[in-house]
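2 protein chains.
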Amino acid sequence: MTIRRLSVYTRCLLQLEEDGVKTVSSQELAERFNLNSAQVRKDLAYFGEFGVRGIGYYVSGLKAELQKILGLHREWPVALVGFGNLGSALFHYKGFARQGFRISAIFDDDPAKCNREVNGVPVLPARELGREVKARGIQIGIVAVPAESAQAVTDQLAAAGIKAILNFAPVRIRAPRDIRLKDVDLSIELETLSFYLAKSAR
Amino acid sequence: MTIRRLSVYTRCLLQLEEDGVKTVSSQELAERFNLNSAQVRKDLAYFGEFGVRGIGYYVSGLKAELQKILGLHREWPVALVGFGNLGSALFHYKGFARQGFRISAIFDDDPAKCNREVNGVPVLPARELGREVKARGIQIGIVAVPAESAQAVTDQLAAAGIKAILNFAPVRIRAPRDIRLKDVDLSIELETLSFYLAKSAR
DNA sequence: ATGTGCTAGTGTTCGTGTTCACATGGCGCC
DNA sequence: GGCGCCATGTGAACACGAACACTAGCACAT
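Protein chains in written order, with the working numbering: chain A, 195 to 396; chain B, 195 to 396.
This is the structure in structure tokens:
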């Protein structure tokens, strides 16, 4: 099953709740994402019977269920490694906090950036990574360093006992099997776009 | 067919070429991405017979073919809208330039950021978007503005005749059917990670 | 209390994408 | 020049996810 869709639904439910909508049908949800209503129902029914026949789904109830499934009912402390352009963009990105991801420590090798606080979050030298990650019980790490240092950072995170890594560096990194690793390659997205442009120009 | 994989292959071939490797087999390629070798061959054979039986694929030849298929053999001028944290991160991101994507104009509504140049690229007020995009023949736009203004920016880009949009704003935006639209939602990626963490903690 | 309408849940069908296994065909060595 | 090697290319089997169409159940009106 595609977990991504659950995230999308959750996002949508948050919006609907803000707008004061009480119930929503699978049909309505489907239309917002060009999906099939049956698919929405299957996705949701997979985890339990959240809907009410004849009515639809109660927005706040469904939201709570999905958040629980996605593990968003709690706060996740996150370590951000790399505080360059991308790192600060991610740090200031509003979307993370809204879903319960709290960047609770930033690491960077540049001494000029270290040993100060940004919005109450400490920026620390990379050598303190292991200790801090353990001390703060951090399970998620975000890698936002240049390609060259991505593998070294990953190894450090792994050694510190992190459970999941979101990698923004444009290289394939290797991590122990028990660590969930997800790559976000910004230029791959652009490349698929250019493929379609090139094709239609052909 | 998943175009994403072609991008991934290309990335790998660039690396192999740098390392001085002349030929590569589908098996070797597959191992690098935990794929099936048959799948690699199918992906590649779909566009032509690039391999040599008994040998494998010539790295530089295959790279050139894939780049052509992906439209990476040429330069794509790109418009970047939004020059906040994320915008500058994207602007400085090395990966784009390497694949032929050249950000040739930046737009922002903040007058403090406008009417100057960054690394030779002009930062212009958003109201000039339409004119500049047309004048420069820009076909690809990157939306890196807050959620609130994403739709307005999209409409402007569409009116300016842009062909493809890469959207980083965490909202679903609507664009005319003939515009290729791709969303990158940074927190969805984190959410899938938290799903697996929450599951294994269960 | 009963019927009607609406929408969730679900077995089945359908299509796409992945894997398997084999035949095909260059290349080099004898 | 012929023969064997080895990796590609590809038809067939398979699996997974998406779409359809039907059934079940709740709410509200009569």
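We treat Cβ as the ideally placed atom computed from N, Cα and C, and that holds for glycine.
Since we're looking at a predicted model, the values are computed, not measured.
Given this structure, state the Cα-to-Cα distance separating residue i from residue j, to the nearest angstrom.
i, j, result
"Leu266 (chain B)", "Leu380 (chain A)", "15 Å"
"Val272 (chain B)", "Gly242 (chain A)", "45 Å"
"Ala363 (chain B)", "Thr348 (chain B)", "11 Å"
"Leu318 (chain A)", "Glu212 (chain B)", "34 Å"
"Thr196 (chain B)", "Ala306 (chain A)", "43 Å"
"Asp372 (chain A)", "Arg368 (chain B)", "39 Å"
"Ala392 (chain A)", "Leu200 (chain B)", "14 Å"
"Ser231 (chain B)", "Val315 (chain A)", "46 Å"
"Glu342 (chain A)", "Arg366 (chain A)", "11 Å"
"Leu210 (chain B)", "Asp303 (chain B)", "43 Å"
"Phe290 (chain A)", "Gly255 (chain B)", "42 Å"
"Val327 (chain A)", "Gly278 (chain A)", "20 Å"
"Gly324 (chain B)", "Val234 (chain B)", "42 Å"
"Gln261 (chain B)", "Arg205 (chain A)", "36 Å"
"Ile263 (chain B)", "Glu385 (chain A)", "10 Å"
"Glu322 (chain A)", "Phe301 (chain B)", "39 Å"
"Asp377 (chain B)", "Asn361 (chain B)", "5 Å"
"Leu375 (chain B)", "Gly281 (chain A)", "25 Å"
"Arg292 (chain B)", "Tyr252 (chain B)", "21 Å"
"Glu311 (chain A)", "Pro340 (chain A)", "22 Å"
"Arg330 (chain B)", "Asn309 (chain B)", "17 Å"
"Ile334 (chain B)", "Tyr390 (chain A)", "11 Å"
"Leu221 (chain B)", "Tyr240 (chain B)", "Strictly speaking, residue 221 (chain B) in this sequence is Gln, with Leu absent from that position. So the alpha carbons of these two residues sit roughly 17 Å apart."
"Gly355 (chain B)", "Phe227 (chain A)", "24 Å"
What are the start and end residues of the beta strand (DSSP E) that includes residue i?
i, result
"Ala273 (chain B)", "270-275"
"Leu229 (chain A)", "From DSSP, Leu229 (chain A) is part of no beta strand (DSSP E); its letter is neither H nor E."
Taking only three categories from DSSP, how would you classify residue i?
i, result
"Lys216 (chain B)", "coil"
"Tyr203 (chain A)", "helix"
"Phe301 (chain B)", "strand"
"Gly255 (chain B)", "helix"
"Ile336 (chain B)", "strand"
"Glu243 (chain A)", "coil"
"Leu260 (chain B)", "helix"
"Ile359 (chain A)", "strand"
"Leu375 (chain B)", "strand"
"Tyr287 (chain B)", "coil"
"Thr196 (chain A)", "coil"
"Gly265 (chain A)", "coil"
"Val234 (chain B)", "helix"
"Ile382 (chain A)", "helix"
"Ala224 (chain A)", "helix"
"Gly278 (chain A)", "coil"
"Ala392 (chain A)", "helix"
Indicate whether at least one CB of chain B lies closer than 8 Å to the CB of residue i.
i, result
"Ile332 (chain A)", "no"
"Ser388 (chain A)", "yes"
"Pro370 (chain A)", "no"
"Pro271 (chain A)", "no"
"Leu210 (chain A)", "no"
"Phe265 (chain A)", "The sequence given here places Gly at residue 265 (chain A); Phe does not occur at that position. With 8 Å as the cut-off, Gly265 (chain A) counts as an interface residue toward chain B."
"Ile297 (chain A)", "no"
"Gln293 (chain A)", "yes"
"Ser282 (chain A)", "yes"
"Tyr287 (chain A)", "yes"
"Ala392 (chain A)", "yes"
"Glu225 (chain A)", "no"
"Ile300 (chain A)", "no"
"Leu482 (chain A)", "Here chain A comprises residues numbered 195 to 396, so residue 482 (chain A) is not present and cannot be evaluated."
"Lys307 (chain A)", "no"
"Glu274 (chain A)", "The displayed chain sequence assigns Leu, not Glu, to residue 274 (chain A). Closer than 8 Å: no."
"Val378 (chain A)", "yes"
"Phe290 (chain A)", "yes"
"Lys236 (chain A)", "no"
"Ile373 (chain A)", "no"
Under 8 Å between C-beta atoms, does residue i make it to chain A?
i, result
"Ala232 (chain B)", "no"
"Asn279 (chain B)", "yes"
"Leu174 (chain B)", "No answer is possible for residue 174 (chain B): the residues shown for chain B start at 195 and end at 396."
"Val202 (chain B)", "yes"
"Ser343 (chain B)", "no"
"Ser220 (chain B)", "no"
"Ala354 (chain B)", "no"
"Arg366 (chain B)", "yes"
"Lys216 (chain B)", "no"
"Lys357 (chain B)", "yes"
Within the present structure, is the beta-carbon of residue i separated from the nearest heavy atom of the ligand ADP by less than 7 Å?
i, result
"Gly255 (chain B)", "Absence of the ligand ADP from the depicted structure is noted, as is the absence of any ligand whatsoever, leaving it without description."
From the DSSP secondary-structure annotation, give me the bridge partner or partners of residue i.
i, result
"Arg310 (chain B)", "B:Val317"
"Gly250 (chain B)", "B:Val246"
In the DSSP assignment, find the alpha helix (DSSP H) that holds residue i and state where it starts and stops.
i, result
"Gly294 (chain B)", "Segment: none, Gly294 (chain B) is in no alpha helix (DSSP H) and carries neither H nor E."
"Val347 (chain A)", "341-353"
"Gly324 (chain B)", "323-330"
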